[in-house]
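Chains as they are written, first to last, in the numbering used here: chain A, 1 to 672; chain B, 673 to 1344. By construction, the Cβ of each residue, glycine as well, lies at the ideal position given by its N, Cα and C atoms. Heads up: the structure comes next, in structure tokens.
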């Protein structure tokens, strides 16, 4: 009898002694080393590749060589010739131990690999999908031992994969017999949560997919993901067709109130669009709809209810009662979505009547519940969702900011498209502006700007542009602390000009004339004050005076320059280096829930703990709102901000001189 | 502080001491006494009625009086005036303990009441339905403590009924908000298996229903049951519309083989008919479809697969592989059945490719797995399902008897309708017959027979009539042991007459002439031999020479005179007193599964243990079949039968005299 070989696996560091002849995969499994496999050790899937370390590894006290492993087998030859294999790689299910080995399991061979995210400040997504593929060989039927095809499939899954007592969905059952025979009793099965067989394919099936959906009031975004690698293989968006029933949520709820049965129409159209979107990403990803096994959804409460076919009318008025705030797990067919016959849908939990599954997605993506620091997350849209707290306490509310941030109700507002002003700087001495438009990299005062923009011109200001315009107008002294455009400057510059009782600031004089009016400034003031008041309410409830970091989520939050967001007082004072865009955090949350089963339990637990604040019934909300109308704020200090920009002297009143502010105190802010 | 009162509950005998002022229902619950309640102690449902024993009960060492209980309350007055209450009854949720009491819980107030069945030899059905109703008061939504309506309903169910972590189905969720508001936050909820909310009604809902379905190849029978009392409140039947695709199972499977996609048509038509049948029983029971929460199904494997939308083609040829043999639990909507929106379907497990959920139903109804005695159960139809065994071992098989027992392939055969001969006696001396027909209580030789049958005449022989005709012909010596009609008797009686190479027996000479031909006898011989051979195979496998009792199930089994079944050798010899009709045992099994949740687990476990015998691959089946062609059998003794009827001397061969029988032995049977 030969001596056992000593095997060390990296990066896990797990080690053990094994008899010569043991397959490397078996050794790894017995030590609990994380190595993937779909084919169950048959040399088909190539998921279990490993690499042998060569040399004397002092650290591990081992001398390792590929000579201590059986030679490249015919099964490996076949796999390598079909699919290709990197130099030095082996299939751990085929290679047998013949002596001491240091074996490296590369990241792509691990089941629980991590998806690296672009931002360094957020946690990585660990791949651990609820749905996994298993290749299985099924015993053929035998008249002498009658049993159902399902029962023999179950027996195979138990013997070959240790999966016990699996249930099988009806629509999969309906196709089971022909698939088993077509695959000649070798099939690949998709199993959800180690409990349910939700799909079966003849032979070996390599890939399974899921779609994460951010169901917004205006836009629906879908991301097709490879359930094994976590890779986003296709993304697409579509307008929410419910827009024809009302631009914002409340007008859609009103539509239902005025048109009984209207909720059914809205449910039907959004499901139809989702089904189209599924087709689009499937085509882009070059896969079949039947390869899509799972979908996850985030969305605000009204979108959430309408998707589910629930009348949202109760969300339209106090006490804003949700039908449910738990998560939901359904068949995709229950929502008329055509993916795999028994494909599943998971919808993240809502938090409160105005704080939906989109906010749950943001929390899951940003993970404030893991932090020591106090994190403020604002998902800015027609409605702003605000989350504040850390691992000890989390609070959430929503605040009705209105559509100003999305460019609506702004005189020269337009959607983000070529020709829209997105960046602007105003000379504080001359009050002359220069700007950049979407579709051109040059500033308006640079040579070639006119030439490069001649195809689309300069047509308006987009949402992020209006924030900068008002921020720069404030920094240049054109807008006073109280938001009034200082008419006295009309004498100094033709850019400030009278418009009856108030004044406008002219950014571009050529047609179309682009101006910022007093009404525009007021609309932005109201919107930013609503957001800030919500934030203040949560800070007060949490008992903090400052926040440690701020994440701006959502399409709008991703595009604005956080500095200007702070200059106009959209967000509270904070170290600017700690203020970041979180991108489409809600959508990322949906993707995490798609790829990691534990994250579902995690977010269900977290939202249960979130303290919900209803701004509409908080008496102090109004006071916070009024105080937040000032630039950047009527009463609050912006110490960090004052350290990076030169804030103008505080001035209010039509006179344009310094006046009393709402809080009755005077301050000066200077750059440090 | 007053002394505790001593309370004894009957019939349970549970006893305990309780403080004065305790509601009787609370006392009962704390002792685990089985008392029903839907309203949760609000005096609405009247389910918790009890009766106080008056007097000195030595046996229980207690002096009890209704004076030891609070007086009839206004809540009880209201209930009694609305719904009526028997003299002496009290609502145990309203009556408070004031002293020692002997309290009787009548059967109808118990949750686990038993349904008494007509036959004394079978176990009673214990009512313990998977679905129960719970009246619950739900907290109203509060903006200051945002939570979903579902979560508050769940909280109410936990606080008021101890039901934790209930899930709620989508279609119930869709109606939850308007129902809670219509009911003014008081609703009745249907909960399945203490796990899932499957229906909600505003206010108090008293009754919930289920339907047990026996899905036969020819007939579909549905029984509407009150889920609380177990009472069958309506029954109806409908022809299986699949008949137009083929009379028997194999011709339907052939239809699918010849017409790809034909299985979809057959699935659609049977589901449509089931949906019509649901409407019929709902109307007969004067209830809404939405009051039906559950359906259970039994059926043979082909019916089972077609109901589920599974192609039955694999059942049409060896190795006769079922898609699955486990039970199935589904939404009724998955089978296109319109009952309550989230109503459920439970389909009993199949056993083998030819032994279906109908046989599982028969086992559940007859309970051979509880017996010490060896029970033989035969469900006779176009295919016979046979179960043999006791609590130690159970074996099952099916045997292709063909349609002869159903009157098909019989020259004068007809379905059971007025004018069909169902009883017949033949004088062994004169060979003259007398008979009775369906629709008339007189025998044909009694006065008034012609008058009473003149509207429909004498038109043919039904399935049970043909068994008696052949049995009587054998007892009268007209048919020999080998099944040959003895032509030598033509000399003795004009009733026996030549038909070329063989002879007929004439039962009725007026038009239409009703005869039993040699071909008819052969058809019955083949059918009964197939059944008997299956039985013998199981007896051999079980290692028994005799059976202790026989149950004949199915429509045919219920109508035949068991004596004649034994005379022709359809079933093996047995004490005739222990041979009984089990009626529609399969349908009863479906009813048990509807009303008792434990029975589902029970039958799932039992079918798993059943040893399946495939007659088609058993080499000895053919031998048993050949030997079983004789009357009553070529080789087997019929000792018990010989004790009650005078069996004719054994004779074979065209000569009509005694000849060699198949087994080569001679015997004489005499009445004892």
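In this structure, DSSP gives residue 766/B a state outside helix and strand, which the three-state scheme calls coil. Here residue 1102/B is exposed: its Cβ has fewer than 16 other Cβ atoms, across all protein chains shown, within 10 Å. The Cβ of residue 1264/B sits no closer than 9 Å to any Cβ of chain A. Nearest to residue 1158/B by C-alpha distance, out of 1172/B, 1176/B and 1141/B, is 1176/B.
Assigned with DSSP and collapsed to three states, residue 913/B falls in helix.
Taking C-beta atoms as the reference points, residue 524/A and residue 377/A fail to come closer than 9 Å.
Note on residue 239/A: under 16 other CB atoms within 10 angstroms of its CB, so exposed under the neighbour-count rule. Listed along the chain, the chain A residues whose CB falls inside 9 Å of the CB of residue 836/B amount to none; the nearest CB is some 14 Å away.
Looking at 1018/B, 1261/B, 1140/B and 1242/B, the one whose alpha-carbon comes closest to that of residue 1300/B is 1242/B.
Counting along the chain, residue 42/A sits inside no beta strand (DSSP E), nor does DSSP assign it H or E at all.
Burial is judged here by how many other beta carbons sit within 10 angstroms of a residue's own beta carbon; residue 19/A has fewer than 16 and is exposed.
Assigned with DSSP and collapsed to three states, residue 1063/B falls in coil, not helix or strand.
At a cut-off of 9 Å between beta carbons, residue 326/A contacts chain B. No Cβ of chain B is located within less than 9 Å of the beta carbon of residue 306/A. Between residue 976/B and residue 1019/B a beta carbon distance of about 7 Å is seen, short of the 8 Å cut, so the two are scored as contacting. Within its own chain, the residues whose Cβ lies closer than 6 Å to the Cβ of residue 375/A, once the five positions on either side in sequence are excluded, are 368 and 549, listed in chain order. Rounded to the nearest whole angstrom, the CA to CA distance from residue 1258/B to residue 1024/B is 16 Å.
Spatial neighbours of residue 786/B in its own chain (CB-CB distance under 6 Å, excluding positions within 5 residues in sequence) are listed in chain order as 796 and 798. With a threshold of 9 Å between beta carbons, residue 603/A makes no contact with chain B. Secondary structure of residue 1105/B (DSSP, three-state): strand.
Using a Cβ-Cβ cut-off of 9 Å, residue 265/A does not count as an interface residue toward chain B, since no Cβ of chain B sits closer than that to its own.
Residue range 687 to 690 is occupied by the beta strand (DSSP E) that includes residue 687/B. A residue is called buried when at least 16 other Cβ atoms come within 10 angstroms of its Cβ; residue 370/A does not meet this threshold and is exposed. Per DSSP, reduced to three states, the secondary structure at residue 481/A is coil, with no helix or strand assignment. The segment 291 to 299 of chain A and the segment 252 to 267 of chain A do not touch, with fewer than 3 CB-CB distances between them shorter than 8 Å. Restricting attention to 1285/B, 756/B, 685/B and 1017/B, the CA atom closest to the CA of residue 718/B is found in 756/B. If the five residues before and after residue 234/A are omitted, its C-beta is found closer than 6 Å to the C-beta atoms of 224, 281, 284 and 285, all from its own chain and listed in chain order.
Between residue 1186/B and residue 1140/B the beta-carbon gap is near 13 Å, outside 8 Å, which marks them as no contact. Close to chain B, meaning a Cβ-Cβ distance shorter than 9 Å, are the following residues of the segment 121 to 145 of chain A: 140, 141, 142, 143, 144 and 145.
At a Cβ-Cβ threshold of 9 Å, residue 613/A and residue 397/A count as neighbours.
Counting only the Cα atoms, residue 412/A lies some 32 Å from residue 643/A. In this structure, residue 530/A lies away from residue 428/A, with their beta-carbon atoms at least 9 Å apart. Within the DSSP bridge table, the entry for residue 69/A names 97/A as partners. In the displayed model, residue 612/A falls within a strand according to three-state DSSP.
In the structure shown, the three-state DSSP call for residue 1182/B is coil. Per DSSP, residue 821/B is one residue of the alpha helix (DSSP H) stretching across 821 to 833.
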